[in-house]
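Residue numbers (the working numbering): 35 to 177.
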């Protein structure tokens, strides 16, 4: 590879990272996901911790996706790590749907607005059951 090709790859990678990072920040800022998440969890004093957590997660996630990192940890660490990932994704999804009012609109349209709690519980239990089925059956079954 020539120096010009290397510089071109660096420029394209940097430009792509800026585009994705800008889109992620715009997503969080325009929709007000983090402030709404602090309202839902009743922890508005810790908004800076949520913001820095999102920034640190994006930086570490980006770095880990670019590197081939191998951590020699016990298999017992998978449960807490998976739990933290699930809590983060679940809370982010809950804050996003709360901001966009997706579930009340959907419940009204399909005519179950008086049973919205049952609808949300069905979605949550379905997600848990699907995840457990995937990880317990497919991951161990095809090794």
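All residues carry an ideal CB built from backbone N, CA and C; glycine is no exception.
ask   = How should residue 72 be labelled, buried or exposed, when 16 other C-beta atoms within 10 angstroms of its C-beta is the threshold for buried?
value = buried
query = Measuring CA to CA, which of 44, 65, 96 and 114 is closest to residue 127?
reply = 65
task = Could you spell out where the alpha helix (DSSP H) holding residue 105 opens and where it closes?
result = Where residue 105 is concerned, there is no enclosing alpha helix (DSSP H), given that its DSSP letter is neither H nor E.
query = What span of residues does the alpha helix (DSSP H) with residue 57 cover, start to end?
reply = 37–65
task = For the alpha helix (DSSP H) holding residue 143, just list the boundary residues, first then last.
result = 136–144
C-alpha gap between residue 155 and residue 137, whole angstroms = 12 Å
query = How is residue 109 classed by DSSP in three states: helix, strand or coil?
reply = In the three-state scheme derived from DSSP, where H, G and I count as helix and E and B as strand, residue 109 is classed as helix.
ask   = Relative to the C-alpha of residue 165, which residue among 120, 130, 144 and 141 is closest?
value = 120
query = Between residue 158 and residue 150, is the Cβ-Cβ spacing less than 8 Å?
reply = no
inquiry  = Between 160, 125, 168 and 135, which has its C-alpha nearest residue 87's C-alpha?
reply    = 125
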